[in-house]
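Protein chains in written order, with the working numbering: chain A, 1 to 193; chain B, 194 to 391. Working notes, structure below.
Given below as structure tokens:
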């Protein structure tokens, strides 16, 4: 803290030395002229008139929602949670709805018969971003967030469970999933070859 | 919507897709696993299904007696990508070197699927017997892989464990000071080998 105070003091000194705090005008120099009174009045009135309009503009109250997202597109569940998983049983979370700009952490555990958590997949809106934050032997913890689109969104997590212990050899593991903003792809729809 | 709007929208879509592909610098043609990586074998990973226009982060690991992944971007990108993929539609893969820090076996990537078709991708990564931090420039006649020469150990022994599950897979790495230079040694399970100067 003293360091900060010293820095502030130094800035104040520098400001004074640069003439920001000039004090009284020196003899021999002309006094700065004041702007004309009508001009000041016009500026005040213009500002007063604009104030309510600025306050009502949502863009002025915070970051603007990203219009590139198609907030109605639901990304399909592709079954990746059970790929290469021996004796896999897929379990899923409840649907989680996230308001605009909201984030939540959720955990999904495996049942007794197949207690080992392997891979995961989702069903989710395009504007939801889901990432894996922790793993235990029996479950996964994920963080889901809504990417400031002005709309709510939903996600459901699917986890592949097995009686065998998780092994990433030759499979790796998914770290995150999100959609590419598809509004600019016009009327493009998912196509199954 | 009139005809000119439709044409404009199509042109915009094509340009946007082209721009994304160009910027991503993607395509298996510039991505060759094991390019410029010594004692390397390509390790193919299981296929992963992708839907329409989506991005996934994915971590893959080199395993077995080739446990080291090399990030060739560390050479200013001159080494090219030490990974590749096969797919029927357009994917773009960007490596995340910061997510690989402290994990010599790990390849971390952000994989974009820029297509309106469902498709699966098969990733292949280049995996080496030699750690990337081996000072190969100090060996004027190249290197070779040998069994442990049992020279004096220099510095600390490093343990790298892959935290992919409750039972971590660990490799142990150390260096030895031999008469012809440094030997960098690795032990994984019951196998031990060293890379030495010729």
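Don't be surprised by glycine CBs; every beta carbon is placed ideally from N, CA and C.
Query raised in the report: So what does residue 353(B) bridge to, in DSSP terms?
Result: 364(B)
Report task. Starting from residue 301(B), follow its DSSP beta bridges and name the residues at the other end. Result -> 252(B)
Query raised in the report: Is the number of C-beta pairs between the segment 293-307 of chain B and the segment 224-232 of chain B that are closer than 8 Å three or more?
Result: no
Requested in this report: Using the Cα positions of residue 385(B) and residue 239(B), report the straight-line distance between them to the nearest angstrom.
Outcome: 28 Å
Report task. Using a Cβ cut-off of 8 Å (strictly closer), state whether residue 120(A) contacts chain B. Result -> no
Requested in this report: Return helix, strand or coil for residue 276(B), following the three-state DSSP convention.
Outcome: strand
Query - Whole-Å CB distance - residue 80(A) paired with residue 182(A), under 8 Å assumed - result: Rounded, the Cβ-Cβ distance is 20 Å, inconsistent with contact.
Query raised in the report: Looking only at C-alpha atoms, which of 232(B), 306(B) and 281(B) sits nearest to residue 177(A)?
Result: 306(B)
Requested in this report: Would you list the residues sitting across from residue 315(B) in a DSSP beta bridge?
Outcome: 279(B)
**Report entry** The beta strand (DSSP E) enclosing residue 120(A), as first and last residue numbers
**Finding:** 116-125
Report task. Would you decide whether residue 327(B) is buried or exposed? Buried here means 16 or more other CB atoms lie within 10 Å of its CB. Result -> buried
Query - Same chain only: Cβ atoms within 8 Å of residue 117(A), ignoring 5 sequence neighbours per side - result: 108, 109, 110, 135, 136, 137, 138, 139, 140, 159, 160, 161 and 166
Query raised in the report: By a C-beta neighbour count over all protein chains shown, 10 Å radius and 16 as the cutoff for buried, is residue 382(B) buried or exposed?
Result: exposed
Query - Closest by C-alpha distance to residue 392(B), when choosing among 282(B), 376(B), 343(B) and 275(B) - result: Shown here, chain B extends from 194 to 391; a query on residue 392(B) therefore has no answer.
**Report entry** Strand pairing of residue 284(B), partner residues [DSSP]
**Finding:** 306(B)
Query raised in the report: Going by other Cβ atoms of all chains shown within 10 Å of its Cβ, with 16 needed for buried, is residue 185(A) buried or exposed?
Result: buried
**Report entry** residue 295(B) versus residue 128(A) - alpha carbon distance
**Finding:** 30 Å
Query raised in the report: To which residues does DSSP link residue 179(A) through a beta bridge?
Result: 247(B)
**Report entry** Cross-chain neighbours of residue 168(A) in chain B, by beta carbon under 9 Å
**Finding:** 252, 253, 254, 256, 355, 357, 358 and 362
**Report entry** Proximity winner among 255(B), 245(B) and 387(B), relative to residue 283(B) (alpha-carbon distances)
**Finding:** 245(B)
**Report entry** Pair within 8 Å by beta-carbon distance, residue 83(A) and residue 125(A)
**Finding:** no
Query - Whole-number beta carbon distance between residue 248(B) and residue 180(A), since they are thought to touch under 8 Å - result: 6 Å
Report task. Excluding the 5 residues preceding and the 5 following residue 78(A) in the sequence, name in chain order all residues of the same chain whose CB lies nearer than 8 Å to its CB. Result -> 121
Query raised in the report: Would you say residue 270(A) faces chain B, with C-beta separation under 8 Å as the test?
Result: Since the first residue shown for chain A is 1 and the last is 193, residue 270(A) is missing from the structure and cannot be characterised.
**Report entry** Straight-line Cα distance separating residue 102(A) from residue 329(B)
**Finding:** 50 Å
Query raised in the report: According to the Cβ coordinates, are residue 168(A) and residue 254(B) closer than 8 Å?
Result: yes
Requested in this report: Give a yes or no on whether the C-beta atoms belonging to residue 98(A) and residue 152(A) are separated by under 8 Å.
Outcome: yes
Query raised in the report: Does residue 241(B) have its Cβ less than 8 Å from a Cβ in chain A?
Result: yes
**Report entry** Residue burial classification, residue 321(B) (beta-carbon count within 10 angstroms, cutoff 16)
**Finding:** buried
Query raised in the report: Using DSSP with H/G/I as helix, E/B as strand and the rest coil, what is residue 112(A)?
Result: coil
Query - Outcome for residue 346(B) when other beta-carbon atoms lying within 10 angstroms are tallied against a minimum of 16 - result: exposed
Report task. With DSSP as the reference, label residue 103(A) as helix, strand or coil. Result -> strand
Query raised in the report: Which of the three DSSP states, helix, strand or coil, is assigned to residue 185(A)?
Result: helix
Query raised in the report: Which residue comes first and which comes last in the beta strand (DSSP E) that contains residue 374(B)?
Result: 374-381
Query - Close beta carbons around residue 263(B), own chain, < 7 Å, minus the five adjacent residues each side - result: 230, 275, 319, 321 and 325
Query - Close Cβ partners of residue 404(B) (< 8 Å) along its chain, the five nearest in sequence each way excluded - result: Because chain B spans 194 through 391 in this model, residue 404(B) falls outside it and cannot be assessed.
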